[in-house]
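*Asks:* Those letters in the sequence shown? Residues 1 to 475, per the numbering used here, in order.
Glycine included, each C-beta is placed from N, C-alpha and C at the ideal position.
Just so you know, these numbers come straight off a predicted model, no measurement behind them.
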Amino acid sequence: MTTAQNYDLVIVGAGTGGIPCAVEAAARGARVLLIEKDSRIGGTLHTTGGHMSAAGTRRQREHGIEDSVEAHLADIERISGGTARTDLVELAARGAPETIDWLDDLGFEFAPESPRLVYGHEPYGAPRTYYGKDAGLSILAVLKRLLDEQIAAGGVELWLGSTAIGLTEQDGSAPSVTVLRGGVDEIEVTAQAVVLATGGFASDEDLFKEIEGVPLVSAAHPTSTGDGLVIAREAGAAIGGRGQYLPTFGGLPHPTTPGKAYYDERPLLVATERLPWEIYVDRAGHRFVAEDDTSIDRKERALAASTDGTFWTVFDDRARLSSVPMVVGWSPDDVVAKANSRVGVHKAGTVAELAALAGISPDGLTATVERYNASVSAGTDAEFDRTHMPAPISEGPFFAIENHGITLITFAGLDVDERLRVRRTDGTAMVGVYALGELIGAAATCGNSFCGGMLVTPALTFGRLLGQRLTSDRH
1 MTTAQNYDLV IVGAGTGGIP CAVEAAARGA RVLLIEKDSR IGGTLHTTGG HMSAAGTRRQ
61 REHGIEDSVE AHLADIERIS GGTARTDLVE LAARGAPETI DWLDDLGFEF APESPRLVYG
121 HEPYGAPRTY YGKDAGLSIL AVLKRLLDEQ IAAGGVELWL GSTAIGLTEQ DGSAPSVTVL
181 RGGVDEIEVT AQAVVLATGG FASDEDLFKE IEGVPLVSAA HPTSTGDGLV IAREAGAAIG
241 GRGQYLPTFG GLPHPTTPGK AYYDERPLLV ATERLPWEIY VDRAGHRFVA EDDTSIDRKE
301 RALAASTDGT FWTVFDDRAR LSSVPMVVGW SPDDVVAKAN SRVGVHKAGT VAELAALAGI
361 SPDGLTATVE RYNASVSAGT DAEFDRTHMP APISEGPFFA IENHGITLIT FAGLDVDERL
421 RVRRTDGTAM VGVYALGELI GAAATCGNSF CGGMLVTPAL TFGRLLGQRL TSDRH
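#1: Taking only the alpha-carbon atoms, compute the straight-line gap between R128 and S173 and give it to the nearest angstrom.
#2: Using 10 angstroms around the beta-carbon of T425, count the other beta-carbons present and answer buried if the total reaches 16, otherwise exposed.
#3: At which residues does the beta strand (DSSP E) containing G432 begin and terminate?
#4: Answer with buried or exposed for P422, where buried requires no fewer than 16 other C-beta atoms within 10 angstroms of its C-beta.
#5: Which residue wins for smallest C-alpha separation from T368, given the options G349, V345, H388 and P392?
#6: Tell me which residue opens and which closes the alpha helix (DSSP H) that V335 is part of.
#7: Is the CB-CB distance between L252 and I401 below 8 Å?
#8: What are the boundary residues of the alpha helix (DSSP H) that includes R28?
#9: Can you tell me the Cα-Cα spacing of V416 and A238, whole angstroms?
#10: Alpha carbon to alpha carbon, how far is M326 from A191? Give it in angstroms, no decimals.
#11: Run through the DSSP bridge pairs and tell me what H404 is partnered with.
#12: Would you report the Cα separation of T350 and L357, rounded to the nearest angstrom?
#13: Checking the sheet assignment: what are the DSSP bridge partners for T190?
#14: Could you pull the DSSP bridge partners for A238 from this structure?
#15: Work out the CA separation of S176 and T487 for me, nearest whole Å.
#16: Taking the CB atoms as reference points, tell me whether G463 and G107 lie closer together than 8 Å.
#17: So what does G413 bridge to, in DSSP terms?
#18: So, helix, strand or coil for T48, using DSSP?
#19: Give the DSSP-derived three-state secondary structure of D8 in the structure shown.
#20: So, for V32: in the same chain, excluding its five sequence neighbours on each side, which residues have a beta-carbon less than 8 Å away from its beta-carbon?
#21: In the DSSP assignment, what residue or residues form a beta bridge with Y372?
#22: Tell me which residue opens and which closes the alpha helix (DSSP H) that I76 is part of.
#23: Can you tell me which of the three DSSP states S281 falls into?
#24: Drop a sphere of 10 angstroms on the beta-carbon of N448, count the other beta-carbons inside from all chains shown, and report buried for 16 or more, exposed for fewer.
#25: Assess, as a yes-or-no matter, whether the region 195-203 is touched by the region 431-441 under the definition of 3 or more beta carbon pairs within less than 8 Å.
#26: Report the rounded CA-to-CA distance for D105 versus R58, giving the unit in angstroms.
#27: Buried or exposed: E60, going by 16 or more other Cβ atoms within 10 Å of its Cβ?
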């Protein structure tokens, strides 16, 4: 093992939180080492929609939107049911307007319709969701420019293709990180402080099952394998946010890779986007929720309570021809073309035959369709109070599209205090070791829920904040 020279700050993970941390620290004179295991910077910004949330921004005022941090905090409390970390939510929400204005000042290309209300998660009470014209890549474009400037100025050294494989916290002295650089050289790097910003673990099946406690069907970024969590836990760090996991409602199975979801073919399962003609059933052939419920949160919780998070949308040929196609980018003809050829898409002449093809109980599905059709005739859904029932499921052929509760993010993560210091299992703070972003878990700022924009914005905000705080003695 080779020992590299000491840095003022070592940041592990060049993504949404790590880059702004490096930029802010270097701008204040710190000598920063930024480590990234991928061959490129950006992390999940390459795949995320990049939704951010903030109240009281300049852009809101320009659009005539009245909003406040207090209203934002109240919405997070409402949506999360009070399950998020109050101290971290407060820190994030109060810093969020400055973060959005900062991006605005740097030329961030907002999508013209933002800020707006978004219904893919439980909606806020005011339009406070922002995103770029090119989703997460719009954020990365700004961060990359800032990082390139600091690299050119000598403030940041960037190691790509380098994985942190060990963390050492020594009493009263600087922490160190063991890095496998380029897959070849093990280098021990010491620093006054270490910031872990490696993201979640939704692409590591074993770690996910151990910590979140449910099977993994992932549509997460491939580098989200929990590196920072693993090395910190080995050094004595505690895990927070267990038991808060909630699946994203619905994703088609990947056409070639079992255990993965294919989010490029996104199903339209939010009733505010598309009113359903189909029913949702589990393996037993039973419905489990009102398909036209406008609350995606209630649907996600109903799915989380089901057996294994797998369900099927079942419909007939009339629905195929008359409704808005259920999958983004598909036409009614595409449904026929993909049936019995694409994984998870099935077609049959009878409901019982369809069930057998899809892996659903034939008796259960047959009985469910009969009850649903009777509800359509009666105009009342006695099971779930569904109101949008345009037609019975009665005109063959019949179709079933498999869906899973999918994982894009992880809710558990490293336990940190209000200063973002990683805490040990005894509750005390590690010396000089910090964490931010998805590594601290979505539950920290969202609780047992999805609060729109409350992963990306806190990562940016906490990254900037730590970069400033850890170098404040230089000014």
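*Replies:* Let me lay it out:
#1: In the sequence shown, the residue the question calls residue 128 occupies position 128. In the sequence shown, the residue the question calls residue 173 occupies position 173. Using only the alpha carbons, I get a separation of about 43 Å.
#2: Within the sequence shown, residue 425 is the residue found at index 425, counting from 1. So T425 ends up on the exposed side.
#3: Start at 1 with the first residue of the sequence shown, and residue 432 comes out as number 432. Counting along the chain, the beta strand (DSSP E) containing G432 begins and ends at A429 to A435.
#4: Position 422 of the sequence shown holds residue 422. Before going on, a small fix: residue 422 reads as Val here, not Pro. Taking a 10 Å sphere around the C-beta of V422, we find 16 or more other C-beta atoms and assign the residue as buried.
#5: Counted from its first residue, the sequence shown places residue 368 at position 368. Of the candidates G349, V345, H388 and P392, the one whose C-alpha sits nearest the C-alpha of T368 is P392.
#6: The residue you call residue 335 lines up with position 335 of the sequence shown. Start and end: P332 to K338.
#7: Translated into the one-based positions of the sequence shown, residue 252 becomes position 252. Translated into the one-based positions of the sequence shown, residue 401 becomes position 401. Yes.
#8: If you number the sequence shown from 1, residue 28 lands on position 28. Neither: R28 is in no alpha helix (DSSP H) and is coded neither H nor E.
#9: Looking up residue 416 in the sequence shown gives position 416. Looking up residue 238 in the sequence shown gives position 238. Distance between the alpha carbons of V416 and A238: 8 Å.
#10: For the purposes of this step, residue 191 is taken as the residue at position 191 of the sequence shown. For the purposes of this step, residue 326 is taken as the residue at position 326 of the sequence shown. Taking the straight line from one Cα to the other gives about 52 Å.
#11: Taking the sequence shown and counting its residues from 1, one reaches residue 404 at position 404. BP columns for H404 point to T310.
#12: Stepping through the sequence shown from its first residue, residue 350 is reached at position 350. Stepping through the sequence shown from its first residue, residue 357 is reached at position 357. Roughly 11 Å separates the two Cα atoms.
#13: One-based indexing of the sequence shown puts residue 190 at position 190. The partner list for T190 (beta bridge, DSSP) reads S176.
#14: Here residue 238 refers to the residue found at position 238 when the sequence shown is read from its first residue. BP columns for A238 are empty, so no partner.
#15: As displayed, the chain neither begins before 1 nor continues past 475, which places residue 487 out of reach and without an answer.
#16: The sequence position of residue 463 within the sequence shown is 463, counting from 1. The sequence position of residue 107 within the sequence shown is 107, counting from 1. No.
#17: On the sequence shown, position 413 is the one that residue 413 refers to. DSSP lists G240 as partners of G413.
#18: Position 48 of the sequence shown, counting from 1, holds the residue named residue 48. Coil at T48, not helix or strand.
#19: Taking the sequence shown and counting its residues from 1, one reaches residue 8 at position 8. The answer is strand: DSSP assigns D8 an E or B state.
#20: Stepping through the sequence shown from its first residue, residue 32 is reached at position 32. Answer for V32: Y7, D8, L9, V10, I11, A22, A25, A26, Q150, G155, V156 and E157, listed in chain order.
#21: Here residue 372 refers to the residue found at position 372 of the sequence shown. DSSP output for Y372 lists no bridge partner at all.
#22: Taking the first residue of the sequence shown as 1, we reach residue 76 at position 76. I76 -> alpha helix (DSSP H) spans V69 to S80.
#23: As a working note, residue 281 is residue 281 in the sequence shown. What sits at residue 281 in the sequence shown is Val, not Ser. DSSP places V281 in strand when its eight states are reduced to three.
#24: Walking along the sequence shown from the start, residue 448 turns up at place 448. Per the 10 Å Cβ criterion, buried.
#25: Yes, since at least three Cβ pairs between the region 431-441 and the region 195-203 fall closer than 8 Å, the two stretches touch.
#26: As a working mapping, residue 105 is identified with position 105 in the sequence shown. As a working mapping, residue 58 is identified with position 58 in the sequence shown. Rounded to the nearest angstrom, the two C-alpha atoms are 10 Å apart.
#27: Locating residue 60 in the sequence shown gives position 60, counting from the first residue. According to the sequence provided, residue 60 is Gln. The question's Glu does not apply to it. So Q60 counts as buried.
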